[in-house]
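Heads up: the sequence shown begins at 2 in my numbering, then just goes up one per residue.
Glycine included, every Cβ here is placed at the ideal spot set by N, Cα and C.
Values in this document were obtained by computation on a predicted structure and should not be read as measured data.
As structure tokens, the structure follows; a few thoughts come after it.
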Amino acid sequence: VSVVDQLRMMHSYNMHISTSLLSNIAMTMMQNCKDLFGGHQQYEILVYNADSLFLNKEHKKAEVVYRKALSWHKSMPKNLKSSAISPEIDLLHVKFRIYECCMIDGNEDSALEALLRIEERQRSVKVNYALAKLYQARHLRRNSINCYKEVLRSCPLALDCAVELLRLGEHPNVVISIMNVGCNIDWLPSYIKAHAFVISRDFSKAAVAFDVLHKSVTLNRNLNILSDLAYASYMAEDQSAALQHYKSLHMQDKFWLRGMDLYACILYEEKMTEELDKLSTEIFSASELHSEPWVVMGYQAITSEEFTKSVYMAAKANQLDMFSVQAFLLKAAGLAGLGEVQKALVHSREAITLAPHRLDCYSKLVALYMTENRNNEALTVAKSAFETIGPTPGTYVLCALAMMPEPTSLERAAKLVERALSLDPNHRSAVEMKSSILYRQEKYTDAIKFLKSATQRFGSSSLHCILGDCYFKLSKLVDAVDHYNIALSLNPVCKDAKDGLSKVNKSDRSEFDSEQNTSLEREDEERMTTGSTWPHDNPWF
Numbered sequence: 002v003s004v005v006d007q008l009r010m011m012h013s014y015n016m017h018i019s020t021s022l023l024s025n026i027a028m029t030m031m032q033n034c035k036d037l038f039g040g041h042q043q044y045e046i047l048v049y050n051a052d053s054l055f056l057n058k059e060h061k062k063a064e065v066v067y068r069k070a071l072s073w074h075k076s077m078p079k080n081l082k083s084s085a086i087s088p089e090i091d092l093l094h095v096k097f098r099i100y101e102c103c104m105i106d107g108n109e110d111s112a113l114e115a116l117l118r119i120e121e122r123q124r125s126v127k128v129n130y131a132l133a134k135l136y137q138a139r140h141l142r143r144n145s146i147n148c149y150k151e152v153l154r155s156c157p158l159a160l161d162c163a164v165e166l167l168r169l170g171e172h173p174n175v176v177i178s179i180m181n182v183g184c185n186i187d188w189l190p191s192y193i194k195a196h197a198f199v200i201s202r203d204f205s206k207a208a209v210a211f212d213v214l215h216k217s218v219t220l221n222r223n224l225n226i227l228s229d230l231a232y233a234s235y236m237a238e239d240q241s242a243a244l245q246h247y248k249s250l251h252m253q254d255k256f257w258l259r260g261m262d263l264y265a266c267i268l269y270e271e272k273m274t275e276e277l278d279k280l281s282t283e284i285f286s287a288s289e290l291h292s293e294p295w296v297v298m299g300y301q302a303i304t305s306e307e308f309t310k311s312v313y314m315a316a317k318a319n320q321l322d323m324f325s326v327q328a329f330l331l332k333a334a335g336l337a338g339l340g341e342v343q344k345a346l347v348h349s350r351e352a353i354t355l356a357p358h359r360l361d362c363y364s365k366l367v368a369l370y371m372t373e374n375r376n377n378e379a380l381t382v383a384k385s386a387f388e389t390i391g392p393t394p395g396t397y398v399l400c401a402l403a404m405m406p407e408p409t410s411l412e413r414a415a416k417l418v419e420r421a422l423s424l425d426p427n428h429r430s431a432v433e434m435k436s437s438i439l440y441r442q443e444k445y446t447d448a449i450k451f452l453k454s455a456t457q458r459f460g461s462s463s464l465h466c467i468l469g470d471c472y473f474k475l476s477k478l479v480d481a482v483d484h485y486n487i488a489l490s491l492n493p494v495c496k497d498a499k500d501g502l503s504k505v506n507k508s509d510r511s512e513f514d515s516e517q518n519t520s521l522e523r524e525d526e527e528r529m530t531t532g533s534t535w536p537h538d539n540p541w542f
């Protein structure tokens, strides 16, 4: 029985432990008896041993043995090199495995060097794909584009490569022409153009395009498209639509992960505690190896004011995905809850660095500065958001929010909110901000007129609270109580509504007391003028 033949057989059957044991013994035999195996067989033994180490996750040691196999192959006579080698252990396999070992160890330079040693004409699809990613990470745009195009010529439906080409600046029509799949796949042009809208940050058009795709006969109820639609809606500042799409996504697949961290954030902001509790219970059974379940659990912990736990969850999410924007925002929220605002500011800035075109990252940082009464810095961040993202309803509202603490800036803030509403009359944050400004300016009648119209469009507890406050200021207590109760029905934990009701109760009590005092004073005056005595001065007995 040949040792090498047995190694080939066990390797082909994926018997990795058996291969590891026998290849290790064979390597010792090679060292002790140099003429026992031929040059070709010695190369095979080294590769089989390296493969077993790689599959056992001993990547550094595997890399050393792979490089030793390459050196051995170079020293082999030409007549032996020309003999057939199985594709499973040929030079292409060895060089690509060296690349994989280097990437796992975080050594991208050596990984790129390993791939570049493969001649261009011998580069397979997976080699070009790996090169494209490495070039893209190094901002070598032209090289990356060429490699992605090579991949698409062999695999025209590699959709992620098509999206990366769009991200690198290629026109959608160019990408579609490279894919060249004919008329059988009629949804492809619309799919590419929808992603082009996302990359050009025209999220409103992207949401419309994904919605059309999602409702089409071919792609109806496709979860990837629905996830893209939810994200585009969120980035288009339509949080209510994003909430509904993410809710539908989770209902269709309880184990779906992509975007669930953002869904948890929306549930937390909307104070939908029961839904968030349910989501955290269901999604954690899906996977512990992805960042999304940890972020969901972190937001659930914040609702219970378990801030230390939320920070731990965020740190765990960051370990699994160092580019998770939501993990950084969660950690900032948890640290702020613990009173460590300076550390929270650092993590909020990190989120902006990772996602400079996400408005919510700037909003969280502005909110942190405002809690510290650092209003000038808050306004600077808001202006930075406006410059980076552009004039959207959300950026106008954020600038207005940063101006709110200064009474002298209220008029400027009101003008910015009007601009936001001119772009989108149904922008909820802009509606809430205008209501708050009118209340601050003591224009209660104007605020009530505006809010009556707004509350018919939005079932928002905050709007009903402001409306209740306006009625309270005008001493219309019955109307105030009605709207505070509506706010509580929409959000049972609404603190503003509870405070409003307690204000009304105190006002009622004080009015009753003042009425009682007034009646007693009048009675006293009457007795003084008539000369009559008090009852206790003339007892009945």
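Spatial neighbours of Lys435 within its chain, please: CB distance less than 6 Å, with the 5 preceding and 5 following residues excluded, ordered by chain position.
Residue mapping note: residue 435 aligns to position 434 of the sequence shown, counting from 1. Within the same chain, Lys435 has close Cβ partners Val418.
To which residues of the same chain is Ser191 closer than 6 Å at the C-beta, ignoring the five residues directly before and after it?
Numbered from its first residue, the sequence shown carries residue 191 at position 190. For Ser191, where only same-chain residues beyond five positions count, the Cβ hits under 6 Å are Leu214.
Proximity of Ala368 and His348 at Cβ, strictly below 9 Å
In the sequence shown, counting from the first residue as 1, residue 368 sits at position 367. In the sequence shown, counting from the first residue as 1, residue 348 sits at position 347. No, the Cβ-Cβ distance between Ala368 and His348 is not below 9 Å.
My output table needs one value for Asp254: the three-state DSSP class, helix, strand or coil.
One-based indexing of the sequence shown puts residue 254 at position 253. Secondary structure at Asp254: coil, using DSSP grouped into helix, strand and coil.
Within this structure, are the beta carbons of Gln301 and Asp322 separated by less than 9 Å?
Walking along the sequence shown from the start, residue 301 turns up at place 300. Walking along the sequence shown from the start, residue 322 turns up at place 321. No, Cβ-Cβ distance for Gln301 and Asp322 is not below 9 Å.
What first and last residue would you give for the alpha helix (DSSP H) that runs through Asp161?
Locating residue 161 in the sequence shown gives position 160, where the first residue counts as 1. Asp161 -> alpha helix (DSSP H) spans Leu160 to Arg168.
Nearest CA to the CA of Asn129: which residue from Glu412, Ser111 and Tyr149?
The residue given as residue 129 occupies position 128 in the sequence shown. For the residues Glu412, Ser111 and Tyr149, the minimum Cα distance to Asn129 belongs to Tyr149.
Helix, strand or coil for Ala115 per DSSP?
Position 114 of the sequence shown, counted from the start, is the residue given in the question as residue 115. It is helical.
Glu516 versus Lys507: straight-line alpha-carbon distance, rounded
Here residue 516 refers to the residue found at position 515 when the sequence shown is read from its first residue. Here residue 507 refers to the residue found at position 506 when the sequence shown is read from its first residue. Caution applies to Glu516, whose pLDDT of 47 falls short of 50 and renders its modelled position unreliable; the value that the coordinates give is listed next. Those two C-alpha atoms are separated by around 14 Å.
Compute the Euclidean distance between the alpha carbons of Phe204 and Phe256, then round it to the nearest angstrom.
Here residue 204 corresponds to residue number 203 of the sequence shown, with the count starting at 1. Here residue 256 corresponds to residue number 255 of the sequence shown, with the count starting at 1. Counting only the Cα atoms, Phe256 lies some 27 Å from Phe204.
When the Cα atoms are used, what is the spatial distance from Ala287 to Leu330?
Reading the sequence shown from its first residue, position 286 is the one you call residue 287. Reading the sequence shown from its first residue, position 329 is the one you call residue 330. Rounded to whole angstroms, Ala287 to Leu330 spans 23 Å at the Cα level.
According to DSSP, is Ile18 helix, strand or coil?
Locating residue 18 in the sequence shown gives position 17, where the first residue counts as 1. In the three-state scheme derived from DSSP, where H, G and I count as helix and E and B as strand, Ile18 is classed as helix.
Return the chain-ordered ranges of every alpha helix (DSSP H) run that is complete within the region 215-294 and spans a minimum of 4 residues.
224-236, 240-253, 261-270 and 274-284, all fully within the region 215-294.
Would you report the Cα separation of Glu89 and Leu54, rounded to the nearest angstrom?
The sequence position of residue 89 within the sequence shown is 88, counting from 1. The sequence position of residue 54 within the sequence shown is 53, counting from 1. Distance between the alpha carbons of Glu89 and Leu54: 16 Å.
Out of Gly460, Asp425 and Ser437, which has the shortest C-alpha to C-alpha gap to Ala414?
In the sequence shown, counting from the first residue as 1, residue 414 sits at position 413. Of the candidates Gly460, Asp425 and Ser437, the one whose C-alpha sits nearest the C-alpha of Ala414 is Ser437.
By the 10 Å Cβ neighbour count, where 16 or more other Cβ atoms means buried, how is Pro1 classified, buried or exposed?
Outside the shown range of the chain, which is 2 to 542, sits residue 1, and nothing can be said about it.
Three or more C-beta pairs closer than 8 Å, one from the region 258-268 and one from the region 445-465: is that the case here?
The region 258-268 vs the region 445-465: no contact.
Beta-carbon contacts of Leu521 that lie in its chain and below 6 Å, excluding the five residues immediately before and after:
Taking the first residue of the sequence shown as 1, we reach residue 521 at position 520. Reliability of the predicted coordinates at Leu521 is poor, the pLDDT of 47 falling under 50, and the value obtained from them is presented with this limitation in mind. For Leu521, where only same-chain residues beyond five positions count, there are no Cβ hits under 6 Å.
Between which two residues does the alpha helix (DSSP H) holding Cys548 run?
This structure cannot speak to residue 548, because the chain is shown only from 2 to 542.
Quick one: grab the DSSP three-state call for Asn147.
Residue mapping note: residue 147 aligns to position 146 of the sequence shown, counting from 1. If DSSP states are grouped into helix, strand and coil, Asn147 belongs with the helices.
Minimum C-alpha distance to Arg154 - residue among Lys127, Lys134 and Leu113:
Within the sequence shown, the letter at position 153 stands for residue 154. Minimum Cα distance to Arg154 is reached at Lys127.
6 Å Cβ shell around Trp295 - same chain, five flanking residues per side excluded:
Residue numbering aside, residue 295 sits at position 294 when the sequence shown is read from its first letter. Within the same chain, Trp295 has close Cβ partners Met314, Lys317 and Ala318.
Where the alpha helix (DSSP H) through Met11 begins and ends
Taking the first residue of the sequence shown as position 1, residue 11 is located at position 10. First-last of the alpha helix (DSSP H) with Met11: Val4 to Ser13.
Hey, out of Ala70, Thr282, Ser201 and Pro78, whose CA is closest to Ile99's CA?
If you number the sequence shown from 1, residue 99 lands on position 98. Nearest option by C-alpha distance: Ala70.
Tell me the residue span of the alpha helix (DSSP H) that contains His358.
Here the question's residue 358 lines up with position 357 in the sequence shown. It is not in any alpha helix (DSSP H) - His358 carries neither H nor E in the DSSP assignment.
Select from Leu491, Arg458, Phe459 and Tyr445 the residue whose C-alpha is nearest the C-alpha of Cys471.
Position 470 of the sequence shown holds residue 471. Out of Leu491, Arg458, Phe459 and Tyr445, Tyr445 has the C-alpha closest to the C-alpha of Cys471.
Which word fits Tyr14, buried or exposed, when buried means at least 16 other C-beta atoms lie within 10 angstroms of its C-beta?
Working through the sequence shown from its first residue, we reach residue 14 at position 13. Tyr14 should be labelled exposed.
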